[in-house]
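Position one of the sequence shown corresponds to residue 19 (the numbering used here), numbered consecutively onward. We put the beta carbon where it would ideally sit given N, CA and C, even for glycine. Here is the structure we will look at, set down as structure tokens.
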Amino acid sequence: MSDQHTVGTAMLQLVASQGIPAVFGLPGVHNLTFWSSDAPVRVVGVRHEQAAVYAADGYARATGRLGVAFSTTGPGAVNGVAAFGEACVSGSSVLLISSDVSSALRHPDGPRGILHEMTDQAAPFAAFGVRALTASTGEQALKEVAGALSRAQSSPGQPTYLGVPSDVLSKPWHDPLPSVPALEQPHGADPDAVTALDSLIRTSPRVVIWAGGGVTQSGDAGEQSVAQLAERLGAPVVTTYAGRGVMAGHPLIVESSVHEPEVGALISGADLILVVGSGFDAMNTKNWKMPMPERRAAIGLGDELARTIDWDVLAVGHLVPTLRALDASLGDVQREPWNDIRLREVIRSRVAADQRTTEAVEFVEAVETWPADGVVVTDMCIPGYWTSSHAVHPRRRRLINPVGWGTLGFALPAAIGPAAVGLRTLAVCGDGGPMFALGELATYVQERLPITLIVVDDGGYGMLRFDQKVLGHDNRGVDLVTPDWQLLAQSFGIAFTEVSDATGMRSALAESARRDGPSLILQRAEFYPPASTSPRWFEAIPGNTETA
């Protein structure tokens, strides 16, 4: 196929016009137009379609822009479903464009044996309740890309799946590109809801604010609006995983896990909890068994929030305009802080003094030395849980984790996204998760990505091993053969360091942060899980022995 300007390259041109410098994908016989020399953006070639979508997700979360992934038809598209699901549940702005079989070859009555053919390739993606369709023309395909670029500016993020028949994708395109629609002005909550919030707050002297990923996605305006309200009310602010880094360093922010008993006591000791920009999901709230004040209010979008708990006031609307209206309504209210916010130091000292968790706390403190302008991506593993729940993050969008859908194997490929645009990226893994995507080490090297991969090797699925112990079960299926990590790194030409403690980890991280290409740091350790993991929730709620 000779290089020419096609519908596929026009899609890339449209993406590039919005300042997106890199996209992620795997070539196949039906989508080679994306690898044309006419491509105006960096096309990062990965080794598995799941990694392409994870990388796009990582890029989106780290930058706040649309992450774009490509796959080929049939099995290539379906390979990306799990990663697409993570983006959907986490509200990440991802566009997956997949080729589909040629429309000229399809039969109107059903499959006829075309290579990679599916009856409805969009169906697995539509199951997540997001926009998922197959374009029939180049005009429609480009319009959908423009729409996804527009929706990426909204909060929460809205993933999109777009299938394009291979004959449409490779058609010449010489017309002007469609414009990206202006985002509709975000609407605040109904004035009656704002009035109800005002009344509830005025009669609640002690308010605690629960800030989630919607604050992160709302950018400076969202963070400033939450900080302004907190300062007006003297309200401590706790954050979910997705809210880490919000109001970093502010005297009212509680920089510790909501699962720790001291934070639970703070929340339950308030007169009112005000949830902003959070889905108030099961994992952040211990399946909604966390101690709560009698009064509960929330500002957010979507039906899911309404199904979590019973709210005294649920203000449905976008975060920033609603918070601004509420702040104006509360104009004569000004309170002093009602709680000593220095909980992080108290919790850190207590957990560090516990012999079961001392080593994990030291690991967290080493991870905190990663450059402030870098990104930290965690996996579903014990060191990842410690980093996500207890590390202090100096800014929004520094921490990326898959707690939305809980996809093990996330960190290694997701780190590709931010690293591809020059952000020094730290991926925190156990030894099980990397096995899902070891082939992406080749991507690390070929693309010369500034990624440091930490592997904490405990010989298997350490979290599940702990789960089995709590349940009184024998350990079965959780002890794994692991590779010789040094030989593995050397086989790809990746710099390797093995450390035995946090001092060595600090030194290795400092060295790897100065390196242009990838590094792998190994620590052989068996960390005790943090209180944020479901088998330990009962320790923070006396008498509760339930797990997730």
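For I219, name the three-state secondary structure that DSSP assigns. helix
Please work out which residues of its chain come closer than 8 Å, Cβ to Cβ, to T178, disregarding the five sequence neighbours upstream and downstream, and give them in chain order. V112, L113, L114, V148, R149, A150, E162, G165, A166 and R169
Tell me whether L247 is buried or exposed, calling it buried when 16 or more other Cβ atoms sit within 10 Å of its Cβ. So L247 counts as buried.
Inspect the beta-carbon positions of G263 and R415 and report whether they are closer than 8 Å. yes
Close beta carbons around L32, own chain, < 8 Å, minus the five adjacent residues each side: The residues are L160, V163, A164, L167, L195, P196 and V198.
Determine the direct distance from the alpha carbon of S243 to that of P254, and round the result to whole angstroms. 14 Å
Would you give the residue range spanned by the beta strand (DSSP E) that Y179 belongs to? T178 to P183
Expressed to the nearest angstrom, what Euclidean distance is found between the alpha-carbon atoms of D534 and G109? Roughly 31 Å separates the two Cα atoms.
Thinking just about the alpha-carbon of each residue, which of A549, G43, G26 and M29 is nearest to the one in N302? A549
Within the same chain, show all residues whose beta-carbon is closer than 8 Å to that of P209, passing over the 5 residues directly before and after it, in chain order. A343
L167, enclosing alpha helix (DSSP H) - first and last residue: G156 to R169
Look up D118 in the DSSP assignment and say whether it is helix, strand or coil. strand
Can you have a look at A528 and say buried or exposed, based on whether 16 or more other CB atoms are within 10 angstroms of its CB? By the C-beta density criterion, A528 is exposed, having fewer than 16 other C-beta atoms within 10 angstroms.
Out of D56, G252, L506 and F88, point me to the one whose CA is closest to V225's CA. G252
Closest to V446 by CA distance: which of A144, A437 and T405 is it? T405
So the alpha helix (DSSP H) A315 belongs to, where does it begin and stop? Careful: A315 lies outside any alpha helix (DSSP H), inside the beta strand (DSSP E) at R313 to G318.
Within 10 angstroms of the Cβ of W306, are there 16 or more other Cβ atoms? Answer buried if so, exposed if not. An exposed status is given to W306, since fewer than 16 other beta-carbon atoms sit within 10 Å of its beta-carbon.
Buried versus exposed, by CB contacts within 10 Å (16 or more), D519: exposed
What is the rounded straight-line gap between the Cα of E458 and the Cα of A101? Spanning the two alpha carbons is a distance of roughly 15 Å.
Continuous beta strand (DSSP E) stretch holding W404: start and end: Where W404 is concerned, there is no enclosing beta strand (DSSP E), although the alpha helix (DSSP H) it sits in stretches over I400 to H408.
According to DSSP, is Q504 part of a helix, a strand, or is it coil? helix
CB of T340 within 8 Å of CB of A333, strictly: Contact: yes.
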